[in-house]
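*Asks:* First, the structure itself, so that you have it in front of you.
Protein chains: 2
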Amino acid sequence: MKVKADDRLEQAREEFIAQWGAMGTQWGINRTMAQIHALLMTAAEPMSTDEVMEALEISRGNAHANLKELVAWGLLRVVVKKGERREYFEAEKDVWRIFTVVARERKRREIDPALEVVRRCAEESRGIATPEGRAFHEQMRQLEEFVEFASRMADRVAMMKHGFAIQMAAKLLG
Amino acid sequence: MKVKADDRLEQAREEFIAQWGAMGTQWGINRTMAQIHALLMTAAEPMSTDEVMEALEISRGNAHANLKELVAWGLLRVVVKKGERREYFEAEKDVWRIFTVVARERKRREIDPALEVVRRCAEESRGIATPEGRAFHEQMRQLEEFVEFASRMADRVAMMKHGFAIQMAAKLLG
DNA sequence: CATCAGTTTCAATTATTTCCGAAAATTGAG
DNA sequence: CTCAATTTTCGGAAATAATTGAAACTGATG
Chain A
39 MKVKADDRLE QAREEFIAQW GAMGTQWGIN RTMAQIHALL MTAAEPMSTD
89 EVMEALEISR GNAHANLKEL VAWGLLRVVV KKGERREYFE AEKDVWRIFT
139 VVARERKRRE IDPALEVVRR CAEESRGIAT PEGRAFHEQM RQLEEFVEFA
189 SRMADRVAMM KHGFAIQMAA KLLG
Chain B
39 MKVKADDRLE QAREEFIAQW GAMGTQWGIN RTMAQIHALL MTAAEPMSTD
89 EVMEALEISR GNAHANLKEL VAWGLLRVVV KKGERREYFE AEKDVWRIFT
139 VVARERKRRE IDPALEVVRR CAEESRGIAT PEGRAFHEQM RQLEEFVEFA
189 SRMADRVAMM KHGFAIQMAA KLLG
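First to last, the sequence lines map onto chains A and B.
FYI, in the numbering used here the residues of the first sequence are 39 to 212.
FYI, in the numbering used here the residues of the second sequence are 39 to 212.
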């Protein structure tokens with residue numbers, strides 16, 4: 039009976055890892071990175087680079103690069119076991135924290151650069167007197183205003199505590 | 039003086055198109071698609087496939103595929119000029135509408151599939167009696183709850199009118 | 001200081017995505 | 001129906017991104 043339970047778990051877990059990995063693609067996150075995250079999010083104990091390599095059948099270089107990236111994002115912590123030299127990795131498991139971390143990162147990669155572009159274009163087109171020039175400038179201005187708004191919203195959301203978000207949501211969904 | 043104004047505009051516009059296109063990459067939208075969108079968003083008049091091809095120096099196949107995709111997203115409208123056989127394309131210029139369209143599409147591509155995955159995994163791991171099984175199931179359940187929440191939020195936001203969103207924002211940013 | 005476990009880097013390979021260009025299909029006018 | 005204009009499809013070329021595998025590096029230990 040124990041064996042059967044383990045099998046079921048192993049199967050469900052593998053499916054989760056595979057699917058979450060495939061989804062990473064859609065999210066602009068590479069497959070390996072998403073898989074490692076899924077693997078560690080559902081691991082009972084921290085895992086070493088070698089364990090990750092074996093579990094996902096990936097090369098050392100790949101495992102290494104993506105583990106580091108996940109640490110940089112703040113989705114993994116490095117854990118050192120006493121008396122052991124090698125590093126172990128442990129995932130953030132709190133769903134809300136995962137969300138805020140990802141939100142921050144995406145804002146940095148998607149919103150901030152957009153804001154710069156749009157600001158520069160609004161600036162460069164200031165005061166062009168033709169009708170087309172005015173229309174272009176106005177379009178850039180509106181875009182700038184919106185992206186700035188999105189930027190601030192993203193900051194706020196990323197800073198929110200779980201409880202507050204739920205409260206917000208209640209209002210919004212009510 | 040008119041020439042100079044036109045030059046400045048042309049330059050600013052080209053920069054916008056190039057940069058917005060480059061940014062598309064980060065957004066998981068292909069470069070051509072983002073460029074076409076930028077081009078038409080800043081065009082005084084609707085443009086034909088051939089005009090788009092020429093303006094961006096891209097092939098017919100590429101122009102065609104991406105114009106169609108943008109129409110499918112709802113970011114472009116097809117316009118038929120009377121007495122003309124060929125189709126012209128016109129961009130949605132209202133920033134808030136652009137945002138809600140993109141939000142809807144991203145929800146469809148990013149959130150909905152995630153919800154399915156997580157639901158199935160939560161279901162498949164229901165009732166596994168080992169400690170690991172319980173932990174896994176609980177993790178999936180939390181993920182499911184969160185993704186469902188995100189899904190509903192996205193729906194709400196996508197449906198919001200501009201005014202209401204601003205009002206919300208005031209509360210949130212206040 | 002030689003060795004060993006482990007980490008990091010990187011050139012080469014492989015996989016994926018995007019794009020072209022030309023051919024095929026469709027459409028509307030005459 | 002025929003023809004020319006226009007749209008659509010599609011196989012493969014080109015560009016981009018991910019991954020490997022092996023070598024270089026690091027620093028702790030005897």
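All C-beta atoms in this analysis are idealised placements derived from N, C-alpha and C, irrespective of residue type, glycine included.
No experiment lies behind these values; they were computed from the predicted model shown.
1) Measuring alpha carbon to alpha carbon, tell me which residue in Ala-101/B, Val-90/B and His-200/B is nearest Gln-180/A.
2) Alpha carbon to alpha carbon, what distance is there between Trp-58/B and Val-90/A?
3) With 8 angstroms as the limit, tell me which residues of the stretch 128-151 of chain A have their beta carbon closer than that to any beta carbon of chain B; keep them in chain order.
4) When DSSP labels each residue in this structure, what does Ala-129/B get in the three-state scheme?
5) What is the residue span of the beta strand (DSSP E) that Leu-94/B lies within?
6) Let me know if Val-41/A comes out buried or exposed under the rule of 16 or more other beta-carbons within 10 Å of its beta-carbon.
7) Note down, in chain order, all residues in the stretch 66-83 of chain B with a beta-carbon under 9 angstroms from any beta-carbon belonging to chain A.
8) If you reduce the DSSP assignment to three classes, tell me which class Leu-47/A lands in.
9) Let me make sure I understand the geometry here. Which of Glu-162/A, Ala-188/A and Gln-49/A has the alpha-carbon closest to that of Glu-176/A?
10) Per DSSP, what kind of secondary structure is Arg-135/A in: helix, strand or coil?
11) Assuming Met-79/A and Ala-129/A are in contact, meaning their beta carbons sit under 8 angstroms apart, how far apart are those beta carbons, in whole angstroms?
12) I need the DSSP call for Leu-28/A, collapsed to helix, strand or coil.
13) Just how far apart, CA to CA, sit Phe-54/A and Ala-60/A?
14) Going by Cα to Cα distance, which pick from Val-118/A, Lys-120/A, Arg-123/A and Ser-189/A is closest to Arg-147/A?
*Replies:* This is what the structure holds:
1) His-200/B
2) 38 angstroms
3) Lys-131, Val-133, Trp-134, Phe-137, Arg-147, Glu-148 and Pro-151
4) strand
5) From DSSP, Leu-94/B is part of no beta strand (DSSP E) but of the alpha helix (DSSP H) over 87-94.
6) Its Cβ having fewer than 16 others within 10 Å, Val-41/A is exposed.
7) Gly-66, Met-79, Thr-80 and Ala-82
8) helix
9) Glu-162/A
10) helix
11) 5 angstroms
12) Nothing about residue 28/A can be read from this structure; chain A reaches only from 39 to 212.
13) 10 angstroms
14) Ser-189/A
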